[in-house]
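Take the sequence shown: its position 46, counting from 1, is numbered 46 in the UniProt record's numbering, and each next residue is one higher. All residues carry an ideal CB built from backbone N, CA and C; glycine is no exception.
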Amino acid sequence: MKKYVERCFSLYEDEIDKDALEKHFRSYFTHVFENKLENVIDWEKQTLPNHLMKAEKQDDVHSRLSFLDSTNSELSKKSPKRKKKKVKHAMMILENANSEENLKSIEKRKSRFSIEQKNKGVKSRLNFANRNTNLIQYEPVETVHLKDVRIKGTCTLIDKKYFRLTTLPDPSTVRSENVLCESLEFHKKQWTKEHNYRYTCDQFKSIRQDLTVQGIVNEFSIVVYETHARIALEAGDNAEFNQCQSQLKQLYKTLDSKCRKEFMCYRILYAIFVKNYGDLAEELYNVYKEIIDENLQFSVDFAHAWVIGNYSKLFCLYRNPPHMSSYIIDWFITNEREEAIKKMIKVYRPSLEIDVVQNYLKMDNVDDVVSLCSNIGVEINDGVIDCKYYTNLFTQNN
1 MKKYVERCFS LYEDEIDKDA LEKHFRSYFT HVFENKLENV IDWEKQTLPN HLMKAEKQDD
61 VHSRLSFLDS TNSELSKKSP KRKKKKVKHA MMILENANSE ENLKSIEKRK SRFSIEQKNK
121 GVKSRLNFAN RNTNLIQYEP VETVHLKDVR IKGTCTLIDK KYFRLTTLPD PSTVRSENVL
181 CESLEFHKKQ WTKEHNYRYT CDQFKSIRQD LTVQGIVNEF SIVVYETHAR IALEAGDNAE
241 FNQCQSQLKQ LYKTLDSKCR KEFMCYRILY AIFVKNYGDL AEELYNVYKE IIDENLQFSV
301 DFAHAWVIGN YSKLFCLYRN PPHMSSYIID WFITNEREEA IKKMIKVYRP SLEIDVVQNY
361 LKMDNVDDVV SLCSNIGVEI NDGVIDCKYY TNLFTQNN
């Protein structure tokens, strides 16, 4: 614990920072000793404070920041307003991704959302604080921050329910990595046998929580999130899948996995599902930094067909997707087919045969085509659709 304090003070040279750090430690260690955590926390792995509380010095700090106000306002005025539609951004990347001009343009956009200056003492920290409202302060010490706590679990239970933490975790309720490995294999088999998603999801969230409170970030943690994501796909739980893939995206920045490109493909398809053109453009840009495999090639082709409305290619690709891509596409393919039927009705005259629609949509069962037509209010008489009538009807409804 003493070495931890020394490491913290060695981070700062400015006396203002040291005073603030000392004040923080008074309240922090009071909490530690009152709750008898001095022997629970792993001080060698405990994260170092990277920002300080200066609540008592607000007036002094604000006076130092005053010279930055005019500079920041000028910079904000110079920031260009980007009024192009997100669809055009996606199209630009799809059609001209490798051009030097486009790569520079995308890098420029990305730089707007990142802080490029390095931390150079109090001045840079104050500048950052001024741009982000007023002052960055610590939350009360009583608040549980899993990233700030590192413990060593001693629990040996394979099956453990997930509970949201409201207090600092007890090491006796947290499982070590070896036990978590056994738990992972056990629940993978249980899912295969019983397909009880509610139970399985609860167990995986418990495993993920035990990883987090112990600060375990390695290949095993990637396997846990990848496995949970696949199970969520099978169960049709897009919310839990999105949580897993978001965490995987962060893990892939520092750790490699043989399934990384597979999940890049899933992120592109998920962006299409939620119609997030910004994320779609970003993910497509990242693809062109990679060596293309079947996953990435499929996702790029599918995204291109979707953006330009090439339904024929879209439905052909859907017939042969790699890995578990079809699970994500299933979440939105019905809407795409219904839109395709509407467009076919508008361009065909005087009528449209149902078998033509079935072939275009690449559907095996004609009854499913009839059901889709019924969903959009189209009736089929003697195997044909009256295109003129329904075109007028769609126009009136719009």
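When the alpha-carbon of Tyr327 is set against those of Gly236, Ser183, Asn178, the nearest one is in Gly236. Listed as beta-bridge partners of Glu353 by DSSP are Val384.
Fully contained in the segment 198–262 are the following alpha helix (DSSP H) runs of length 4 or more, in chain order: 219–235, 238–251.
The three-state secondary structure of Arg164, taken from DSSP, is coil.
Assigned with DSSP and collapsed to three states, Arg175 falls in strand. In terms of CA proximity to Ser351, Lys388 leads the group Lys388, Cys316, Lys362. With fewer than 16 neighbouring CB atoms inside 10 Å of its own CB, Asn375 falls in the exposed class. Under the criterion of beta carbons closer than 8 Å, Phe186 and Ile158 qualify as touching, at roughly 5 Å. As computed with DSSP, Cys155 is found in a beta bridge with Arg175. As the crow flies, the alpha-carbon of Asp279 is around 21 Å from that of Thr254. With 16 or more other Cβ atoms from the protein chains shown falling within 10 Å of its own Cβ, Val213 counts as buried. The straight-line gap separating the alpha-carbon atoms of Leu37 and Glu240 is approximately 33 Å.
In chain order, Ile354, Asp355, Gln358 place their CB closer than 8 Å to the CB of Val366, counting only its own chain and leaving out the 5 sequence neighbours on each side. Listed in chain order, the non-local C-beta contacts of Asp202 below 7 Å within the same chain comprise Lys161, Tyr162, local neighbours out to five positions each way being set aside. Contact between Leu372 and Ile333 fails: their C-beta atoms lie close to 11 Å from each other, not under 8 Å.
Of the other Cβ atoms in all chains shown, 16 or more fall within 10 Å of the Cβ of Lys261; this residue is therefore buried. DSSP places Asn286 in the uninterrupted alpha helix (DSSP H) bounded by 277–287. For the pair Ile308 and Tyr199, the Cα-to-Cα distance works out to about 41 Å. Going by C-alpha positions, Pro322 is about 32 Å away from Ile345. Around the beta carbon of His228, 16 or more other beta carbons sit within 10 angstroms, so the residue counts as buried. In this structure, the CA atom of Phe29 is about 15 Å from the CA atom of Arg7.
Of all alpha-carbon atoms in Glu283, Tyr348, Asn310, the one lying nearest the alpha-carbon of Thr391 is that of Tyr348. Between Val5 and Phe33 a beta carbon distance of about 14 Å is seen, past the 8 Å cut, so the two are scored as non-contacting. A direct Cα-Cα distance of roughly 44 Å separates Phe315 from Gly215. Cβ contact annotation for Asn295 (same chain, cutoff 6 Å, sequence separation greater than five): Lys261, Glu262, Cys265, Pro322, in chain order. When C-alpha distances from Cys181 are compared across Trp331, Ile222, Glu282, Ala281, the shortest belongs to Ile222. DSSP places Glu6 in the helix class (H, G or I) of the three-state scheme.
Here the alpha carbons of Gly377 and Asp386 stand approximately 12 Å from one another. Comparing alpha-carbon positions, the option among Glu283, Asp364, Val287 lying closest to Arg319 turns out to be Asp364. Linking Glu226 to Leu211 through their CA atoms gives a straight-line distance of about 14 Å.
Of Val224, Glu219, Phe394, the smallest CA-CA separation from Gln209 is found for Val224. For the options Ala20, Phe394, Val274, the alpha carbon positioned closest to that of Glu339 is the one of Phe394.
For Met344, the uninterrupted alpha helix (DSSP H) segment begins and ends at 333–347. Per DSSP, His304 is one residue of the alpha helix (DSSP H) stretching across 294–308. Going by beta carbons, Lys275 and Tyr311 fall outside the 9 Å limit.
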